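Going from the sequence shown to this note's numbering is simple: count from 1 and add 74. Glycine residues also receive a C-beta, built at the ideal position from the N, C-alpha and C atoms. These numbers were taken from a predicted model, which means no experiment stands behind them. What follows is one structure encoded as structure tokens, with my remarks underneath.
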Amino acid sequence: MIRLGSRSALFFRANVALSMVSVALQTVLLVTVWRAVYTNRTAVAGISESDAVSYAVIAMLLWHVALPWQLSSIPERVREGTVATDLIRPVGVVGQSLLQSVGGTVGAIPGVLVGLAIALALGGLTPPASGAALLGFLLTATLGWLLAALLNLAVSMVAFWTTDTRGPFYVYRAIASFASGALVPLWFIPAWLHPFLDALPFGLQVFAPLQLWQGQDPFGGLGGVLAAQLGWLAGATAIVALVTWRALRKVVINGG
């Protein structure tokens with residue numbers, strides 16, 4: 075399934091090339107715009123220009139991996155009726171979808187490498203605060219990806235109830251992109267919004283790992299972030315299990 079997911083992502087070379095071009099353009103625009111924001115300023119909300127630019131680039135790359143345009147292959151498989159075959163395989167529907175998500179992440183790596191190369195060339199990346207900060211970032215970014223994959227899967231299960239999944243997907247994408255800090259760093263969000271955003275899991279996918287990268291201590295440090303992520307992972311797993319249980323008892327397969 076991992077191989078299938080990566081092959082699906084890399085099979086159409088034109089799509090891979092367009093993805094790389096898109097990431098390259100986003101990287102250039104982010105570096106340019108954030109530097110313009112800091113014109114005649116040394117810091118905004120206590121954040122320096124170099125940290126803000128680096129954050130914006132890495133956040134975009136993380137989100138490129140964690141929130142692909144196709145949240146899951148489930149809607150397509152339900153629409154085509156192939157999910158009926160998936161149900162009798164040794165690996166369940168959830169396991170198959172998660173493994174394909176891993177493959178899709180592998181397929182997104184070329185775009186990430188292009189973005190990193192351009193950001194380095196433009197001087198738009200700052201190194202992690204320390205070796206421990208780098209390890210903390212890698213660990214929490216991995217758990218953040220897993221949390222995003224589970225939530226993506228839960229949302230994609232709406233395909234079992236409706237044939238048009240675009241509306242729920244767009245709403246979910248908009249909320250997740252904003253609340254994770256992928257669009258705007260949460261440092262710059264009004265204070266009254268923070269309690270609402272802190273109650274959601276999305277900040278653990280992008281903002282918290284990048285805070286660790288820059289030497290900050292969200293949730294009291296690495297241990298606090300890991301505890302919060304593991305708690306949300308347990309909750310997301312329970313949600314996926316419940317939604318899957320309900321969905322598989324309401325299967326409407328157009329092609330089967």
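What does the Cβ neighbour count give for residue i, buried or exposed, with the cut at 16 atoms within 10 Å?
i: V314; result: buried
i: V317; result: buried
i: D125; result: buried
i: A312; result: exposed
i: A228; result: buried
i: S204; result: exposed
i: R151; result: buried
i: W306; result: buried
i: F243; result: buried
i: L267; result: exposed
i: V127; result: buried
i: N114; result: exposed
i: V245; result: exposed
i: V95; result: exposed
i: S93; result: buried
i: A253; result: buried
i: G198; result: buried
i: T101; result: buried
i: G181; result: buried
i: V299; result: buried
Checking 8 angstroms against the spacing of the C-beta atoms, do residue i and residue j come in under that value?
i: V167; j: I148; result: yes
i: V131; j: L99; result: no
i: Y129; j: P259; result: yes
i: T239; j: A233; result: yes
i: F276; j: A119; result: no
i: A207; j: W287; result: yes
i: T214; j: A273; result: no
i: T237; j: R153; result: yes
i: S251; j: W137; result: yes
i: Q303; j: P292; result: no
i: L257; j: V186; result: no
i: Q174; j: A222; result: no
To the nearest whole angstrom, what separates the beta carbons of residue i and residue j, a pair I think is in contact under 8 angstroms?
i: L224; j: A310; result: 4 angstroms
i: G255; j: A133; result: 6 angstroms
i: W219; j: A308; result: That pair is no contact at about 16 angstroms.
i: N226; j: S146; result: 6 angstroms
i: G178; j: V97; result: The Cβ separation is near 15 angstroms, so there is no contact.
i: M231; j: A110; result: At roughly 42 angstroms, the Cβ-Cβ gap does not stay under 8 angstroms, so M231 and A110 are not in contact.
If you run the structure through DSSP and keep just helix, strand and coil, what is residue i?
i: I263; result: coil
i: V167; result: helix
i: A256; result: coil
i: S204; result: coil
i: V107; result: helix
i: L221; result: helix
i: W235; result: coil
i: S122; result: strand
i: A91; result: helix
i: A117; result: strand
i: R323; result: coil
i: T156; result: coil
i: D272; result: helix
i: L355; result: The structure shown does not extend to residue 355, since the chain is modelled only from 75 through 330, so no value can be given for it.
i: V317; result: helix
i: L212; result: helix
i: G309; result: helix
i: G189; result: helix
i: V280; result: coil
i: Q290; result: coil
i: S146; result: coil
i: Y129; result: helix
At least one CB of chain D closer than 8 angstroms to the CB of residue i: is that the case?
i: V105; result: Of the protein chains in this structure there is only one, and it is not chain D.
Hey, would you say the C-beta of residue i is under 7 angstroms away from at least one heavy atom of the ligand FMN?
i: L213; result: Here there are no bound small molecules, and the ligand FMN is not part of this structure.
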